[in-house]
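Trainee:
There are 2 protein chains.
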Amino acid sequence: MAGTDLKKLARELNLAVSTVSRALRDSHEISAATKARVKALADKYGFRPNPHASSLRQAKSRTIAVVVPEIRNNFFSQAINGIELVAQEKGYHVLIYLTHENSKQEREVVQLLQNGRADGLLISVTEAESYPHLEACREAELPIVFFDRVVDEIDAPRVITDEKLLAYQTCRRLLESGCERIAFLTMAGNLSISRHRQDGYLQALKEKGKEHLSIIVECSAADGDSREQLKKILSGPQRPDAVFAAVEKLAVDTYEVCAGIGLNIPQDLCVAGFSNLTVASLFNPPMTTVVQPAYEIGKEAAGILFRLIEGKKLLPGEQKRVLPSHLEWRRSTAR
Amino acid sequence: MAGTDLKKLARELNLAVSTVSRALRDSHEISAATKARVKALADKYGFRPNPHASSLRQAKSRTIAVVVPEIRNNFFSQAINGIELVAQEKGYHVLIYLTHENSKQEREVVQLLQNGRADGLLISVTEAESYPHLEACREAELPIVFFDRVVDEIDAPRVITDEKLLAYQTCRRLLESGCERIAFLTMAGNLSISRHRQDGYLQALKEKGKEHLSIIVECSAADGDSREQLKKILSGPQRPDAVFAAVEKLAVDTYEVCAGIGLNIPQDLCVAGFSNLTVASLFNPPMTTVVQPAYEIGKEAAGILFRLIEGKKLLPGEQKRVLPSHLEWRRSTAR
DNA sequence: TTTTTTTGCGAAAACGTTTTCGAGCCGATG
DNA sequence: CATCGGCTCGAAAACGTTTTCGCAAAAAAA
Numbered sequence: 491m492a493g494t495d496l497k498k499l500a501r502e503l504n505l506a507v508s509t510v511s512r513a514l515r516d517s518h519e520i521s522a523a524t525k526a527r528v529k530a531l532a533d534k535y536g537f538r539p540n541p542h543a544s545s546l547r548q549a550k551s552r553t554i555a556v557v558v559p560e561i562r563n564n565f566f567s568q569a570i571n572g573i574e575l576v577a578q579e580k581g582y583h584v585l586i587y588l589t590h591e592n593s594k595q596e597r598e599v600v601q602l603l604q605n606g607r608a609d610g611l612l613i614s615v616t617e618a619e620s621y622p623h624l625e626a627c628r629e630a631e632l633p634i635v636f637f638d639r640v641v642d643e644i645d646a647p648r649v650i651t652d653e654k655l656l657a658y659q660t661c662r663r664l665l666e667s668g669c670e671r672i673a674f675l676t677m678a679g680n681l682s683i684s685r686h687r688q689d690g691y692l693q694a695l696k697e698k699g700k701e702h703l704s705i706i707v708e709c710s711a712a713d714g715d716s717r718e719q720l721k722k723i724l725s726g727p728q729r730p731d732a733v734f735a736a737v738e739k740l741a742v743d744t745y746e747v748c749a750g751i752g753l754n755i756p757q758d759l760c761v762a763g764f765s766n767l768t769v770a771s772l773f774n775p776p777m778t779t780v781v782q783p784a785y786e787i788g789k790e791a792a793g794i795l796f797r798l799i800e801g802k803k804l805l806p807g808e809q810k811r812v813l814p815s816h817l818e819w820r821r822s823t824a825r
Numbered sequence: 491m492a493g494t495d496l497k498k499l500a501r502e503l504n505l506a507v508s509t510v511s512r513a514l515r516d517s518h519e520i521s522a523a524t525k526a527r528v529k530a531l532a533d534k535y536g537f538r539p540n541p542h543a544s545s546l547r548q549a550k551s552r553t554i555a556v557v558v559p560e561i562r563n564n565f566f567s568q569a570i571n572g573i574e575l576v577a578q579e580k581g582y583h584v585l586i587y588l589t590h591e592n593s594k595q596e597r598e599v600v601q602l603l604q605n606g607r608a609d610g611l612l613i614s615v616t617e618a619e620s621y622p623h624l625e626a627c628r629e630a631e632l633p634i635v636f637f638d639r640v641v642d643e644i645d646a647p648r649v650i651t652d653e654k655l656l657a658y659q660t661c662r663r664l665l666e667s668g669c670e671r672i673a674f675l676t677m678a679g680n681l682s683i684s685r686h687r688q689d690g691y692l693q694a695l696k697e698k699g700k701e702h703l704s705i706i707v708e709c710s711a712a713d714g715d716s717r718e719q720l721k722k723i724l725s726g727p728q729r730p731d732a733v734f735a736a737v738e739k740l741a742v743d744t745y746e747v748c749a750g751i752g753l754n755i756p757q758d759l760c761v762a763g764f765s766n767l768t769v770a771s772l773f774n775p776p777m778t779t780v781v782q783p784a785y786e787i788g789k790e791a792a793g794i795l796f797r798l799i800e801g802k803k804l805l806p807g808e809q810k811r812v813l814p815s816h817l818e819w820r821r822s823t824a825r
């Protein structure tokens, strides 16, 4: 029933408010008998303590915030799935904020978390010049854990994947299977993930002595734009014989553009990319993907955040956790 | 800077706490001059009012809760996308809870929202015998809006789609293009969406006088189980020549099972289903889907919830809002 | 001029918890 | 017998806001 508070219970039981509070929280200084009486009545009324009063008094919210660029992306929804699982186990609540790749929005949202609304922050950042809002969190002693898209300059634990390695391995295999001109498709060039993946790409080229053949395509974030860019590149005279997409969306875009302009995958163009699409194997042709352990990343990041919140020492490997991705080699890259 | 509160500002400005509070909220009873002074100092310190204190005093949290069965499903992540957009516009925060199709978890989670943690609830329910927790919300005067998966017995606004109609149209078209034995694949049989979609399916059969040929397959929620069930049905002697999946997962499962046992889509089996997979057109063969306007559903539901929260009258159509889905007819159903 | 209204602000109560402090009581200890 | 320490519990402060109430001074009305 709504409208039950400690005062009401106390009055009805002829007890002090403090006693009722303590009884409900199983304090050792309350006798078993009173505890039973109190709990019985609380149950009867379905009493739930007001969370704002508790949070105010205890200076903690039992809430964590998750800030991500978008949620329609499979990677993020899987990660959130993992985060929510851990949070629910811990009895924490999860606030969610989408920044839509807009750094201004990210700043504003994170500012709002400053004064106790959340006890901790899990964030996968958006590209920006600088991250003053995250510095502010550190000053406000709001624990942060990065996942996937991290910012190097800020000293906070991070959970990432071995993306450079996987990018390298994928591109090497493309080269070894006969691809000569691999285009690297990327979106926000200055994002940690873009850089790392590009590094892997370049390393593979370099190793084969084909660094001079690198083709780096920085695509626009706007939806239609990237497809236009791809169309131009893939219908040109010097078109690549393979693309490696740094993000899922660009791999999918490539498929669509190919269908549009009549290019055959993989005969005319090999396609591979980072993607957590569980249905990639149903594509025509099945798409070669680097899949990141998104769910585990979420769980891991949340776990570390809780250790921070609880003031525990971090384990040795937790300041920078690198989880293994894996390559699903499929027909879209079969030469 | 952390640790700034009204008291500190007041002291530094030689003002009363109440004056500072009023100045920051642009109260008319504060002179422009003092407002400026106050705001300047607040800005300097980056002051953010403690949300718990505000919420406690004002008895509102500026937070809404979203409860959904899962988030990996494209439908829900798109809906959440819409919800978050509206919430952010309104300056509200969004709590998210996943029930993983577990009604006990749903009950517990909703109970936690009772005492002011959220000002409103958007929910897509999980199958259950009854919904006492939702009744409780009504008594606690916590506004609810259902979206997609609704419960008829509870009097709250709902945002759904014309799913029965679309199920009917899809099945009719399957019949007209020559399918004789269409299997209807469903998961939780007593869910509103399952019932409506099944009704549409049956209506189409009835209209063609083939009601006796109905095949209703209630699949297990467990991941591997549903594929096993499908495998059995699709490799049997009397196998269907088409399946219509009530939910995305079962359509995808069908593709996978077909690949496993060597059935060709659509020659051996037509496949269609409700799905918000944006990549369905890239499947082999491209998959026929009924796509629901998930994003709009989210926006619409959130909009209605806010009208409830703000105590406004609902517009005529808002108690039950039906948005149009659409059918994407593709090669998976080409006879 | 006097009276009323308006303007600008301060003091304190209120929101519903948790926590600090202390008090009474009882049994044990010296 | 005086003291001490544990066991229960109550009174009140505290958390940081918002809001109610009141009050003085200035402005407007009479």
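Going down the list, the sequences are from chains A and B.
Just so we're aligned, residue 491 is where the first sequence starts under the working numbering, counting upward by one.
Just so we're aligned, residue 491 is where the second sequence starts under the working numbering, counting upward by one.
For every residue, glycine included, the Cβ atom is placed at its ideal position computed from N, Cα and C.
Keep in mind it's a predicted model, so treat the numbers as computed, not measured.
In angstroms, rounded to a whole number, what distance separates the CA positions of A/Gly-581 and A/Arg-552?
Mentor: Each residue's alpha carbon lies about 7 angstroms from the other.
Trainee: So that I know if they touch, is there some Cβ in chain A lying closer than 8 angstroms to that of B/Val-812?
Mentor: Not an interface residue.
Trainee: Verify the CB distance criterion: does B/Gln-782 have a CB-CB separation below 8 angstroms to chain A?
Mentor: For B/Gln-782, the answer is no, since every Cβ of chain A falls outside 8 angstroms of its Cβ.
Trainee: Report, in whole angstroms, the separation of the C-beta atoms of B/Glu-596 and B/Val-557, which I expect to be a contact under 8 angstroms.
Mentor: Right, the Cβ-Cβ distance comes to about 7 angstroms (below 8 angstroms), so this counts as a contact.
Trainee: Compare the C-beta of A/Arg-717 with all C-beta atoms of chain B and state if any pair is closer than 8 angstroms.
Mentor: Judged by the 8 angstroms Cβ criterion, A/Arg-717 is not in contact with chain B.
Trainee: How about the region 783 to 799 of chain A and the region 638 to 651 of chain A: do they share at least three Cβ pairs that are nearer than 8 angstroms?
Mentor: Counting Cβ pairs under 8 angstroms, three or more are found: they touch.
Trainee: Nearest-angstrom Cα distance between B/Gly-726 and B/Leu-798?
Mentor: Their backbone Cα atoms lie some 52 angstroms apart in a straight line.
Trainee: Between which two residues does the beta strand (DSSP E) harbouring B/Phe-565 extend?
Mentor: B/Phe-565 -> not in any beta strand (DSSP E); alpha helix (DSSP H) instead, spanning 564 to 580.
Trainee: Does the region 757 to 768 of chain A come within contact of the region 618 to 637 of chain A, defined as at least 3 CB pairs closer than 8 angstroms?
Mentor: Cβ pair count under 8 angstroms is below three, so no.
Trainee: What in chain B is Cβ-close to A/Glu-579, meaning under 7 angstroms?
Mentor: Near A/Glu-579 there are no residues of chain B at all, since even the closest Cβ is about 12 angstroms away, more than 7 angstroms.
Trainee: Rounded to the nearest angstrom, what separates A/Lys-529 and A/Asn-504 at their Cα positions?
Mentor: Computed Cα separation, rounded: 14 angstroms.
Trainee: Which runs of the beta strand (DSSP E) fall wholly inside the region 699 to 754 of chain B and span at least 3 residues, in chain order?
Mentor: Qualifying beta strand (DSSP E) stretches, in chain order: 705 to 708, 732 to 735.
Trainee: Buried or exposed: which applies to A/Met-491, given that a residue is buried once 16 or more other Cβ atoms fall within 10 Å of its Cβ?
Mentor: Per-residue confidence for A/Met-491 stands at a pLDDT of 47, beneath the threshold of 50, marking its modelled position as unreliable; the derived number appears in the next sentence. The residue is exposed, with fewer than 16 neighbouring Cβ atoms inside 10 Å.
Trainee: So, helix, strand or coil for A/Val-599, using DSSP?
Mentor: The answer is helix: DSSP assigns A/Val-599 an H, G or I state.
Trainee: Does the beta-carbon distance from B/Lys-763 to B/Ala-735 come in below 8 angstroms?
Mentor: First, the amino acid is wrong: residue 763 of chain B is Gly here, not Lys. Yes, these two residues count as a Cβ contact at 8 angstroms.
Trainee: Give the range of the beta strand (DSSP E) segment to which B/Arg-648 is assigned.
Mentor: It spans 648 to 651 - the beta strand (DSSP E) in which B/Arg-648 sits, taken as one unbroken run.
Trainee: Flag this pair as yes or no: are the beta carbons of A/Ser-704 and A/Leu-695 separated by less than 8 angstroms?
Mentor: Cβ distance < 8 angstroms, so A/Ser-704 and A/Leu-695 count as in contact.
Trainee: If you drop the 5 nearest sequence neighbours on each side, which residues of the same chain put their C-beta closer than 7 angstroms to that of A/Gly-679?
Mentor: Cβ neighbours of A/Gly-679 beyond the five flanking positions: Glu-708.
Trainee: Where A/Arg-821 and B/Arg-729 are concerned, what is the direct C-alpha to C-alpha distance, given to the nearest angstrom?
Mentor: Roughly 30 angstroms separates the two Cα atoms.
Trainee: My output table needs one value for B/Ala-618: the three-state DSSP class, helix, strand or coil.
Mentor: Coil, per DSSP.
Trainee: Once DSSP output is grouped into helix, strand and coil, what is the label at A/Thr-494?
Mentor: Residue state, collapsed to three classes: coil.
Trainee: Using 8 angstroms as the limit for Cβ to Cβ distance, is A/Pro-633 near chain B?
Mentor: It does not: the Cβ of A/Pro-633 has no partner Cβ on chain B nearer than 8 angstroms.
Trainee: Once DSSP output is grouped into helix, strand and coil, what is the label at A/Gly-831?
Mentor: Absent from the model: residue 831 of chain A. The displayed extent of chain A is 491 to 825, so no value can be given.
Trainee: Taking 8 angstroms as the threshold (C-beta atoms), are B/Val-635 and B/Leu-795 in contact?
Mentor: The answer is yes: Cβ separation under 8 angstroms.
Trainee: Leaving out five residues before and five after B/Ser-716 in sequence, what residues of the same chain have Cβ atoms less than 6 angstroms from its Cβ?
Mentor: So the list reads Cys-709, Ser-710, Asp-743, once near-sequence residues are dropped.
Trainee: Give the single residue among A/Val-761, A/Glu-808, A/Val-812 whose Cα lies nearest to the Cα of A/Gln-782.
Mentor: That would be A/Val-812, whose Cα lies nearest to the Cα of A/Gln-782.
Trainee: Using a beta-carbon distance below 8 angstroms, is B/Ala-513 in contact with chain A?
Mentor: Chain A, which has no Cβ nearer than 8 angstroms to the Cβ of B/Ala-513, makes this no.
Trainee: So, are the CB atoms of B/Leu-675 and B/Leu-740 less than 8 angstroms apart?
Mentor: For B/Leu-675 and B/Leu-740, yes; Cβs fall inside 8 angstroms.
Trainee: Determine, using beta carbons only, whether B/Asn-680 comes closer than 8 angstroms to chain A.
Mentor: Answer no: the Cβ-Cβ gap between B/Asn-680 and chain A never drops below 8 angstroms.
Trainee: Return the first residue and the last residue of the beta strand (DSSP E) that A/Glu-818 is part of.
Mentor: From DSSP, the beta strand (DSSP E) with A/Glu-818 extends over 816 to 818.
Trainee: Closest Cβ-Cβ distance between A/Leu-767 and chain B: below 8 angstroms?
Mentor: It does: the Cβ of A/Leu-767 has a partner Cβ on chain B nearer than 8 angstroms.
Trainee: Taking 8 angstroms as the CB-CB cut-off, is B/Met-491 touching chain A?
Mentor: Per-residue confidence for B/Met-491 stands at a pLDDT of 48, beneath the threshold of 50, marking its modelled position as unreliable; the derived number appears in the next sentence. Yes, because at least one Cβ of chain A sits closer than 8 angstroms to the Cβ of B/Met-491.
Trainee: What does a CB cutoff of less than 6 angstroms around B/Phe-537 pick up in its chain, not counting 5 residues either side in sequence?
Mentor: Cβ neighbours of B/Phe-537 beyond the five flanking positions: Thr-494.
Trainee: For B/Val-641, which of helix, strand or coil comes out of DSSP?
Mentor: Of the three classes helix, strand and coil, the one that applies to B/Val-641 here is coil, per DSSP.
Trainee: Nearest to B/Gly-606 by alpha carbon, out of B/Leu-612, B/Gly-572, B/Leu-546?
Mentor: Residue B/Leu-546 is the option with its Cα nearest to B/Gly-606.
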